[in-house]
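Here the working numbering is used: the first residue of the sequence shown is 187, the next is one more, and so on. Beneath this line is the structure, given in structure tokens, with notes to follow.
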Amino acid sequence: MRRSLNVVHLALWAVALSATTLGRVMDHCDVASTLLRLGVPRNQVSTWVCIAKWESSYNTGAVGPPNTDGSRDHGLFQINDRYWCSPPGTGCGVSCKSLETDDIGPQWRCAKRVYKATQHQSGNGFTAWTTYRPHCAGDTSSYVAGCRLSTSDVDVQSHHPLALALPAPAYGQLTAFGPPVPFQYPCASLVVSAVPVVLGFPHFYRASSRYQNAVGGLSPHQDKHESFVALEPTTGIPIKGAKRIQINFQVKGTPAMTMTKNAPDTLMPFLWLDEQVELADEQLSMIKDTLLKMLKIFNIVNWVLIAVGSLMVFVGCLMSFLSARRERSHPD
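Structure (structure tokens):
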């Protein structure tokens with residue numbers, strides 16, 4: 187009987203172990219919320235969800251067929267084992283098996299390394315995934331449609347920032363030439379010294395379709411052209427940010443010139459800037475060790491003091507009760 191119980195216990199233990207190591211097929215909203223908790227900037231979440239959809243169909247334990255060089259791709263983001271996971275790759279310093287579990291934390295951290303390496307080489311880290319250009323290079327908001335994404339439980343060490351998109355400034359008017367022209371484009375600076383220079387988001391992102399359709403070759407995208415600041419919500423410390431600005435000139439037809447007399451009244455992009463900043467892992471660790479850990483300790487001490495105070499009140503009441511009872515039993 188004891189032997190049969192041991193066999194049953196061993197079988198249950200094996201099932202529990204396999205349940206913690208095998209992958210699973212996730213819901214797209216589950217992927218989005220998990221990535222947000224892991225620190226993926228809110229303006230990139232939909233792109234990563236799109237990549238996960240087309241790479242693995244949201245299967246965290248997916249293993250792709252052999253590639254032409256004999257390598258395989260693993261996990262939610264199909265990380266290649268030739269370079270990134272062992273054996274034989276060492277780029278992420280993890281085993282390929284750890285990229286096939288239902289814990290997508292190691293998978294995201296490895297994918298982030300792949301992204302940064304490709305970003306350094308080509309300027310766009312997403313191009314490391316072949317599914318990005320045909321499926322995820324445009325508007326990917328539909329991949330997180332209907333998902334309620336929350337960033338209330340943030341851990342700065344795990345890069346869980348509260349991403350805040352900077353609001354568009356108020357609409358203005360251009361007054362450089364003649365009567366005011368309605369200007370429905372988020373702008374940070376209107377006409378300066380009678381020069382029709384206007385600052386706004388790159389590729390006329392969040393601008394009226396009038397301006398987007400007037401210039402060819404534009405492709406406004408939230409992930410690439412929105413300015414944002416990622417804050418650690420407990421302290422308000424900036425973790426990551428991006429400032430993207432486009433300089434535009436007003437174009438207006440002039441009857442005196444044959445070449446421009448039929449030109450439409452619009453804005454012509456001149457150049458746009460993309461400045462990004464992010465705290466290093468060492469700085470994030472310092473913030474967690476020196477601040478967040480202390481806050482957690484204070485929270486624990488707070489509850490301990492409440493428990494001790496409650497215990498002292500209980501002991502005091504008990505002693506008063508016993509003293510009163512003793513006096514009633516022995517009035518003399």
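Even glycine gets a Cβ: it sits at the ideal position worked out from N, Cα and C. Given the structure is predicted, the values throughout are model-derived calculations rather than measurements.
Residues near residue i in its chain [Cβ-Cβ closer than 7 Å; skip 5 each side]
| i | result |
| --- | --- |
| residue 269 | 275 and 277 |
| residue 282 | 260, 267, 271 and 272 |
| residue 503 | none |
| residue 321 | 236 and 240 |
| residue 456 | 433, 434 and 435 |
| residue 523 | Not covered by the structure: residue 523. The range shown for the chain is 187 to 518. |
| residue 506 | none |
| residue 429 | 413 and 461 |
| residue 285 | 260, 261, 265, 271, 292, 293 and 296 |
Residue i CB to nearest heavy atom of the ligand SAM below 7 Å
| i | result |
| --- | --- |
| residue 513 | Questions concerning the ligand SAM fall outside what the structure shown contains, since it holds no ligand whatsoever. |
Sequence-distant residues of its chain with Cβ nearer than 6 Å to residue i (five each side left out)
| i | result |
| --- | --- |
| residue 349 | With a pLDDT of only 48 at residue 349, under the threshold of 50, the placement of this residue in the model should not be trusted, and no figure is reported. |
| residue 338 | Unreliable positioning characterises residue 338 in this predicted model, as indicated by a pLDDT of 41, which lies under 50. A coordinate reading is not provided. |
| residue 212 | 244 |
| residue 221 | 231 and 234 |
| residue 465 | 425 |
| residue 492 | none |
| residue 459 | 431 |
| residue 446 | 439 and 440 |
Nearest-angstrom beta carbon gap, residue j and residue i [assumed within contact, 8 Å]
| i | j | result |
| --- | --- | --- |
| residue 526 | residue 247 | What is shown of the chain runs 187 to 518, which leaves residue 526 out entirely. |
| residue 335 | residue 420 | So it is not a contact: roughly 19 Å between Cβ atoms. |
Local Cβ density within 10 Å of residue i, reported as buried at 16 or more and exposed below that
| i | result |
| --- | --- |
| residue 225 | buried |
| residue 372 | Its pLDDT being 46, under 50, residue 372 is placed unreliably by the model, and nothing is read from it. |
| residue 519 | Within the shown structure, residues of the chain are numbered from 187 to 518, placing residue 519 beyond reach of any answer. |
| residue 242 | buried |
| residue 418 | buried |
| residue 294 | buried |
| residue 508 | exposed |
| residue 375 | At residue 375 the pLDDT is 42, less than 50, meaning the model places this residue with poor confidence; the figure from the coordinates comes in the next sentence. The residue in question, residue 375, is exposed, as its Cβ has fewer than 16 Cβ neighbours within 10 Å. |
| residue 256 | exposed |
| residue 535 | Absent from the structure is residue 535, since the part of the chain shown begins at 187 and ends at 518. |
| residue 489 | exposed |
| residue 223 | buried |
| residue 449 | exposed |
| residue 510 | exposed |
| residue 516 | exposed |
Contacting residues, own chain, Cβ-Cβ under 8 Å from residue i (five flanking each side not counted)
| i | result |
| --- | --- |
| residue 454 | 401, 434, 435, 436 and 437 |
| residue 481 | 420 |
| residue 302 | 311 |
| residue 210 | 245, 246, 247 and 288 |
| residue 154 | This structure cannot speak to residue 154, because the chain is shown only from 187 to 518. |
Residue i vs residue j beta-carbon contact at 8 Å
| i | j | result |
| --- | --- | --- |
| residue 279 | residue 407 | no |
| residue 236 | residue 326 | yes |
| residue 462 | residue 385 | no |
| residue 388 | residue 411 | yes |
| residue 330 | residue 218 | yes |
| residue 476 | residue 397 | no |
Neighbour flag for residue i against chain C, beta carbons, 8 Å
| i | result |
| --- | --- |
| residue 438 | Of the protein chains in this structure there is only one, and it is not chain C. |
Checklist entry - Below 8 Å, can you find three or more Cβ-Cβ pairs linking the stretch 422-429 to the stretch 389-403? => result In the pairwise beta carbon analysis, the stretch 422-429 is classified as not touching the stretch 389-403: fewer than three pairs are separated by under 8 Å.
Checklist entry - Is there contact between the stretch 455-470 and the stretch 494-510, where contact requires at least three CB pairs shorter than 8 Å? => result Not touching, per the Cβ criterion.
Next on the checklist: Tell me whether the stretch 284-302 and the stretch 252-268 touch, counting them as touching only if at least three CB pairs, one residue from each stretch, are closer than 8 Å.
Outcome noted: Between the stretch 284-302 and the stretch 252-268, the count of Cβ pairs shorter than 8 Å is three or higher; the stretches touch.
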